[in-house]
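Quick look at the structure:
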């Protein structure tokens, strides 16, 4: 079901339990990285490298295994992300691994030339309306920070 409010469309999902969930889709700005698409893909494929991209207010980061890591920002609950899909050299999908929230974080990588790529992060999830309202700002800032930190950290 789509509802239009002040010119903006909101997509809601009505479950069998009559709970309304909002589908959230947030995108970071596109970021130019002076590395090839393959180099960028390889960097993002190694989950331990996400620690280098995290905001300054990170309170915990722990690699659980080759495809999974846990992190927490100050004042927020711990989140576990697991690599769900990797299509070299253009796409990496991380998804929530446990917890009450179901979402994904996708890195779309586009080759500009042999030594330059462009990356955009997309956050997608379904949340109840109250949760969606509470997390939209912090999540937007979080993915923007990850994207902004890429050019100086992708090695």
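Numbering (this note's numbering), first residue to last: 42 to 196. Note that CB positions come from ideal geometry on N, CA and C, so glycine has one too. Quick caveat, the model's predicted, so the values are computed rather than measured.
- Taken in chain order, the unbroken stretches of alpha helix (DSSP H) that lie wholly in the segment 89-162 and span 4 residues or more are 91-94.
- A Cβ-Cβ contact shorter than 8 angstroms links residue 183 with residue 96.
- For residue 139, the closest C-alpha among the options 112, 149, 157 is that of 112.
- Classified as buried, residue 130 has 16 or more neighbouring CB atoms from the shown chains inside 10 Å of its CB.
- The Cβ neighbour count for residue 77, taken over all protein chains shown within 10 Å, is at least 16; the residue is labelled buried.
- Selection 75, 67, 71 evaluated against residue 154 yields 75 as nearest (Cα-Cα).
- Here the alpha carbon of residue 181 sits roughly 7 angstroms from the alpha carbon of residue 67.
- By the criterion of a C-beta distance shorter than 6 angstroms, residue 151 is surrounded in its chain by 159, once the five residues flanking it on both sides are discounted.
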